[in-house]
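The structure appears right after this line, and notes come after that.
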Amino acid sequence: MGNVSGNRSIIEVIVVDGHPSVREGLAAYLDTLEDMSLIAAASTGNTAVELCVRHRPDVVLLDLLNSGVDGIPTMHAIHQALPDVPIIAMVGWWQHELAEAALEAGAVTSLDKDVSGELLARAVRRAVGTHDDRSDALQPGDRRS
């Protein structure tokens, strides 16, 4: 795990999504941020678990329902291997029941997949404890821009 702390400023992220364009878009966005780095991307749940064990990320962005990814079992498998890795569940705007199931299964938050880059970055920072402003808390399924 990257051990994000005052001495370390780069948050290492793994993205899990079945769509190449989503993985590539998130990679491009994370590359614009000084404090985050995409260390791996997976299109399937099994690959996600393998990459998490190999790279020990600071946070995982996990699409819950997509081709090749079965979110809740993948989340359980990641947490079984690395119990302290925070997982942010990414869902479609219509999948709020799935988002609630992810929170019950241990996701630190859930975000609509159409969330703004700013809110996504804020959620990642909060997941690892490097975001100080608690006054504008994200809500599950938040998609404000």
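For what it's worth, my numbering labels the leading residue of the sequence shown as 33, then goes sequentially. The beta carbon of each residue, even a glycine, is placed where N, CA and C say it ideally should be.
Buried is the label assigned to Gln127, since at least 16 other Cβ atoms lie within 10 Å of its Cβ.
Secondary structure of Leu130 (DSSP, three-state): helix.
Under DSSP, Met122 takes part in a beta bridge, and its partners are Asp95 and Leu143.
Note on Glu44: 16 or more other CB atoms within 10 angstroms of its CB, so buried under the neighbour-count rule. For the pair of segments examined, the segment 71-79 was found to touch the segment 47-56: the number of CB pairs separated by less than 8 Å reaches three.
Apart from sequence neighbours up to five positions away, the residues of its chain that approach Val117 with a beta-carbon distance below 8 Å are Met33, Cys84, Arg88, Pro89, Asp90, Val91, Val92, Ile110 and His111, ordered along the chain. Nearest in C-alpha terms to Gly138, of all of Ala121, Glu56, Asp67 and Ser41, is Ala121.
Secondary structure of Val48 (DSSP, three-state): strand.
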